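Engineer: The following block contains the structure, expressed as structure tokens.
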Amino acid sequence: MKKKGLWLLVLILSLTLVVTGCGGGTENEKAAEPAKQGEKNTWELIQEKGVLVAGLDDTFAPMGYRDENNNLIGFDIDMGEELGKRLGVKIEWQPTQWDGVILALDSKRFDIILSGMTVTEKRKESINFSTPYVNDGLVMVVKKGTTGFNTAEDLMDKVVGTQAGSSGEEAVKKMEGLKDTKLYKTYPDAFNDLQVGRIPVVVCDAMTAGHYLGKRADTFEVVGDQLTKEPMAIGIRKSDPELKEAIDKALAEMQKDGTLTAISMKWFQKDITTQAE
């Protein structure tokens, strides 16, 4: 009886191992299965819908902002509408808070970021960029008549204002010896504080500074050296290489036929596109 019991135990253990082994093999096979055949990528879905949704900061003059009738205008708006025509889709603009723009892109609130987005190494860790289409850089803006700001070193022991989530924030946070950094949701908020004396200087994109100086040259001025030189591009999810390829192709055509230069001349009275270098 003891022998029969022993053999029965061995048989049960053997069957258990066989079943367990088969189950493990099935799980491994499932993990190795490729993506479902026929699944459409983002670019294919956009073409199917006929709509490309672009996220932007609609207070970022002169790239994308509201006129007195609340219509979107700016360099990026003109460029985006032309880009849409060349891609064969309609552009749908989706305003968003800039300090959460990359998270919103990853959450698929929109398909791309088209809002004068500076290409930085930090941002490249999270998203892809199109071919850059304009060159820009950071400058210092002060109230007219203010002295003592010539280089980045002159920002030491000062309170510096800039927009949250901007390349200005990235640059300022790398500077040592600042008294404080004051971050704003929008650049208009920063310039309002500059005007009333709450902060002595704003660090922002040169094209943004140019826009405000054009409207309020009696109030503000750009001083000192340009702090950085930075390209701007369209932000695209890393999971959407087909969309990036389509956008890059359209941008190359717009550069080649002079369309980007014409839009630049309209908004800046000079060619600031990457082709101008």
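Numbering (mature numbering (1 follows the signal peptide of the UniProt record, and there is no 0)) for the sequence shown: -21 to -1, 1 to 256.
Heads up, the beta-carbon is just placed ideally off N, CA and C, and yes, glycines get one too.
Bear in mind that the values here come from a model prediction, so they are computed numbers and not experimental data.
Which one or two residues does DSSP pair with W72 in a beta bridge?
Structural biologist: As a working note, residue 72 is residue 93 in the sequence shown. DSSP, once it has assigned bridges, lists A33 as partnering W72.
Engineer: Just checking, does the region 171 to 188 make contact with the region 61 to 75 on the three C-beta pairs under 8 Å criterion?
Structural biologist: Flag = no, the region 171 to 188 and the region 61 to 75 do not touch.
Engineer: Between the Cα of A169 and the Cα atoms of G34, F39, L24, V30, which residue gives the shortest distance?
Structural biologist: Translated into positions along the sequence shown, residue 169 becomes position 190. The candidate whose alpha carbon is nearest that of A169 is F39.
Engineer: Rounded to whole angstroms, what is the Cα-Cα separation between E149 and G193?
Structural biologist: Within the sequence shown, numbered from 1, the residue matching residue 149 stands at position 170. Within the sequence shown, numbered from 1, the residue matching residue 193 stands at position 214. Roughly 26 Å separates the two Cα atoms.
Engineer: For chain C, is any of its Cβ atoms less than 9 Å away from the one on E27?
Structural biologist: No chain C appears in the structure shown, which is made up of a single protein chain.
Engineer: Measuring CB to CB, does G95 end up less than 9 Å from M244?
Structural biologist: For the purposes of this step, residue 95 is taken as residue 116 along the sequence shown, with counting starting at 1. For the purposes of this step, residue 244 is taken as residue 265 along the sequence shown, with counting starting at 1. Not a contact, by the Cβ cut-off of 9 Å.
Engineer: By the DSSP assignment, the alpha helix (DSSP H) with G95 in it spans what residues?
Structural biologist: Stepping through the sequence shown from its first residue, residue 95 is reached at position 116. Premise fails: G95 lies in the beta strand (DSSP E), 91 to 97, not in any alpha helix (DSSP H).
Engineer: Less than 6 Å between C-beta atoms, sequence neighbours within five positions excluded: which residues of the same chain meet that for E200?
Structural biologist: The count along the sequence shown starts at 1 and reaches residue 200 at position 221. For E200, where only same-chain residues beyond five positions count, the Cβ hits under 6 Å are K123.
Engineer: Output needed for G147: all residues of its chain with C-beta closer than 7 Å, excluding positions within five of it in sequence on either side, in chain order.
Structural biologist: Within the sequence shown, residue 147 is the residue found at index 168, counting from 1. Correct list, in chain order: L117, T141, V182, C183.
Engineer: Across the region 96 to 114 and the region 124 to 133, are there enough close Cβ pairs to call them in contact, namely three or more that are closer than 8 Å?
Structural biologist: No, the region 96 to 114 is not in contact with the region 124 to 133.
Engineer: Buried or exposed: where does E209 fall if 16 or more other Cβ atoms within 10 Å of its Cβ makes it buried?
Structural biologist: For the purposes of this step, residue 209 is taken as residue 230 along the sequence shown, with counting starting at 1. Flag for E209 reads buried.
Engineer: F128 to G203, Cα distance in whole Å?
Structural biologist: Reading the sequence shown from its first residue, position 149 is the one you call residue 128. Reading the sequence shown from its first residue, position 224 is the one you call residue 203. Their backbone Cα atoms lie some 6 Å apart in a straight line.
Engineer: What does the Cβ neighbour count give for A14, buried or exposed, with the cut at 16 atoms within 10 Å?
Structural biologist: Taking the sequence shown and counting its residues from 1, the one referred to as residue 14 is at position 35. For A14, the predicted model reports a pLDDT of 34, less than 50, meaning its position is unreliable; a value from the coordinates is still stated below. Its Cβ having fewer than 16 others within 10 Å, A14 is exposed.
Engineer: CB-CB under 8 Å to T99, same chain, minus the five flanking residues each way: which ones, in chain order?
Structural biologist: Taking the sequence shown and counting its residues from 1, one reaches residue 99 at position 120. These residues qualify, in order along the chain: S146, E149, E209.
Engineer: Short of 8 Å in beta carbon distance, which residues of its chain neighbour K69, apart from the five on each side in sequence? Order them along the chain.
Structural biologist: The residue you call residue 69 lines up with position 90 of the sequence shown. Hits under 8 Å: G29, V30, L31, G63.
Engineer: Is it buried or exposed, T198, if we count other Cβ atoms within 10 angstroms and call 16 or more buried?
Structural biologist: If you number the sequence shown from 1, residue 198 lands on position 219. The residue is exposed, with fewer than 16 neighbouring Cβ atoms inside 10 Å.
Engineer: In angstroms with no decimal places, state the Cα-to-Cα distance between G2 and E27.
Structural biologist: Reading the sequence shown from its first residue, position 23 is the one you call residue 2. Reading the sequence shown from its first residue, position 48 is the one you call residue 27. Because G2 carries a pLDDT of 35, less than 50, the predicted location of this residue cannot be relied on, and the following value inherits that uncertainty. Near 41 Å, if we compare the C-alpha coordinates of E27 and G2.
Engineer: To the nearest angstrom, report how far apart M42 and F54 are at their CA atoms.
Structural biologist: Here residue 42 refers to the residue found at position 63 of the sequence shown. Here residue 54 refers to the residue found at position 75 of the sequence shown. M42 and F54: Cα-Cα distance of roughly 5 Å.
Engineer: Have a look at the DSSP bridge pairing and note the partners of Q142.
Structural biologist: As a position in the sequence shown, residue 142 is number 163, starting the count at 1. Y163, per the DSSP bridge assignment.
Engineer: Look at G214 and R45 and say whether their C-beta atoms are less than 9 Å apart.
Structural biologist: For the purposes of this step, residue 214 is identified with residue 235 of the sequence shown, where counting begins at 1. For the purposes of this step, residue 45 is identified with residue 66 of the sequence shown, where counting begins at 1. No, they are not a contact pair.
Engineer: Between which residues of its own chain and I251 is the CB-CB distance below 8 Å, once the five residues before and five after are set aside?
Structural biologist: Stepping through the sequence shown from its first residue, residue 251 is reached at position 272. Only V113, N114, D115, M186, S243 meet the Cβ criterion.
Engineer: Mapping DSSP to helix, strand and coil, what is F199?
Structural biologist: As a position in the sequence shown, residue 199 is number 220, starting the count at 1. If DSSP states are grouped into helix, strand and coil, F199 belongs with the strands.
Engineer: Taking DSSP as the reference, what is the three-state secondary structure of E47?
Structural biologist: Here the question's residue 47 lines up with position 68 in the sequence shown. DSSP places E47 in coil when its eight states are reduced to three.
Engineer: Is G214 near the ligand MN - that is, is its Cβ less than 8 Å away from at least one heavy atom of it?
Structural biologist: In the structure on display, the ligand MN does not appear, and there are no ligands present to speak of.
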